[in-house]
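If you're matching positions, the sequence shown starts at 138 in this note's numbering and goes up one per residue. Even for Gly, the Cβ is constructed at its ideal location relative to N, Cα and C. Keep in mind the model is a prediction, meaning the values are calculated, not measured. Notes for the one structure printed next.
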Amino acid sequence: MEGIVVKSTGSWFSVLHSGNIFTECKIKGNFRMKGMKTTNPCAVGDHVVFQMMPNEAIGVISEIKDRHNCIIRKSTNLSKQKHLLAANIDQAFLIVTVASPRTSTGFIDRFLVTAEAYHIPTTLLFNKIDIYNDEVMKYHNLIKAIYEKAGYPCLEVSALRGDNIDKVKVLLKDKINLFSGHSGVGKSALINKIIPGFSLKTGIISDMHQKGKHTTTFAEMFKLPFGGFIIDTPGIKEFGMVDFTREEVTYFFPEMKLLANKCQFDNCSHEHEPRCAIKQAVAEGNISETRYLNYLNIINGREMDVDAWELK
Ligand SMILES: Nc1nc2c(ncn2[C@@H]2O[C@H](COP(=O)(O)OP(=O)(O)OP(=O)(O)O)[C@@H](O)[C@H]2O)c(=O)[nH]1
Ligand SMILES: [Mg+2]
Ligand SMILES: [Zn+2]
């Protein structure tokens, strides 16, 4: 039998098949994807072949069909373990909040670089705009301008008030969509607003650290009533990138990719070489300084935040 993995707890996989039937499946103990060294061999979105256990209502996954894409992260840049977030997705939505909790541009850029690497178009959804005061709104406008200039669609939303939910629905329709972001940014709350009658568990934000409480613990895919699927995922603390080369990282910044062959040196790192087209574009304000500094942090293996407020 064949189906699609719609929920994964690590050891159990819920497989949707034959129209609208869900079967809980385990995976064969010795299962390994060729060349894939991830902590989880199979993820939400995978198309799988499974057999029913005799006299039991559970199945065993024996094969994972070829993926047209997937997205993989490490828990931190230093970590060796790779985690498969989801497979066969059409597009990602990175849910960002500039307050309560605050998403750093470093986190956004590590996510976007990874999404570029796997050819997954990404939209930034800035949630909780209902709580932005003037000061926060100024910071938000600055961040939004940086990402729009780099070519990423951005949209302000509010799961609480419903702002722009109709626009989000149009973007989601008939596609397989991944929702990702820090814990507490409102991924599950947005999905509850998008699918009428849904009541996924949502968490509170701790007063002390303004962080979420990791309410969603497993990735899960839901059918959208207007067509398509949406994948809710557990909040990510750090987005560690798998090992891309420096050249690759340049290519995964779309605004740098356009200029990289204009540098004097073919192997320019865009860090200290003379006649570097990218450094020149930064100096002239055509590439955002924040994005450039995040690029330098990535190629040098540093996982730190750049304060966009001080830059442009
Ligand atoms: N004011 C306001 N609060 C929101 C909004 N969206 C979500 N929240 C609140 O933020 C908190 C966290 O929301 P969740 O939906 O649980 O966040 P999450 O991203 O799913 O978090 P994890 O499952 O932990 O990854 C809840 O208390 C929500 O009610 C919004 O647009 N405005
Ligand atoms: Mg959640
Ligand atoms: Zn250069």
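For threonine 352, no pairing in a beta bridge is given by DSSP. Relative to the Cα of histidine 277, the nearest Cα in the group Phe263, Tyr289, Asp267, Gly140 belongs to Phe263. Take the alpha-carbon of cysteine 405 and the one of glycine 349: they are about 40 Å apart. The closest CA to that of isoleucine 283, considering only Gly334, Met393, Ile424, is found on Ile424. According to the DSSP assignment, isoleucine 373 belongs to no alpha helix (DSSP H), since it is labelled neither H nor E. Look at aspartate 369 here: in three-state DSSP terms it is strand.
In this chain, methionine 138 is not harboured by any beta strand (DSSP E), its DSSP state being neither H nor E.
The bridge partners DSSP lists for cysteine 162 are Phe150, Gly196. Cβ neighbours of tyrosine 289 within its own chain (closer than 6 Å, five residues either side excluded): Leu261. Distances taken from the Cβ of phenylalanine 389 to the heavy atoms of ligand 3 include none shorter than 8 Å. Distances from the CB of lysine 324 to the heavy atoms of ligand 2 include at least one below 8 Å. Taking C-alpha positions only, threonine 339 is separated from lysine 163 by approximately 28 Å. Here the alpha carbons of threonine 387 and methionine 393 stand approximately 6 Å from one another. Excluding five sequence positions before and after arginine 412, the CB atoms of its chain that fall closer than 6 Å to its own CB belong to Gln401, given in chain order. The secondary-structure analysis by DSSP pairs serine 145 across a beta bridge with Phe150, Ala356. Proximity of the beta carbon of aspartate 369 to ligand 2 is indicated: a heavy atom of the ligand is located closer than 8 Å. At a threshold of 8 Å, lysine 416 counts as near ligand 3, since its beta carbon sits closer than that to one of the ligand's heavy atoms. Residue pairing by DSSP places glutamate 293 opposite Phe263 in a beta bridge.
Of the residues assessed, methionine 190 falls on the exposed side of the cut-off, its CB having fewer than 16 other CB atoms within 10 angstroms. About 22 Å separates the CB atoms of leucine 222 and alanine 287; that is not less than 8 Å, and the two are not in contact. Taking the CA atoms as reference points, isoleucine 367 sits about 15 Å from valine 152.
Taking the Cα of asparagine 206 as reference, the smallest distance to any Cα among Ile232, Leu315, Ile342, Ile158 is reached at Leu315. For glutamine 228, the enclosing beta strand (DSSP E) covers residues 228-233.
Ligand 3 has no heavy atom closer than 8 Å to the beta-carbon of alanine 236. Glutamine 188 sits in a strand when the DSSP states are folded into three classes. Sequence-distant partners of aspartate 227 (beyond 5 residues in either direction) whose C-beta falls short of 6 Å from its own C-beta, in its chain, are Lys312, Ile313. With fewer than 16 other Cβ atoms inside 10 Å of its own Cβ, serine 216 counts as exposed.
In the DSSP annotation of this structure, the continuous segment of the beta strand (DSSP E) that includes alanine 224 starts and ends at 219-224.
A straight-line Cα-Cα distance of about 43 Å links glutamate 375 and asparagine 192.
Taking C-beta atoms under 8 Å as the contact rule, threonine 427 and threonine 259 fail to qualify, at a distance of about 17 Å.
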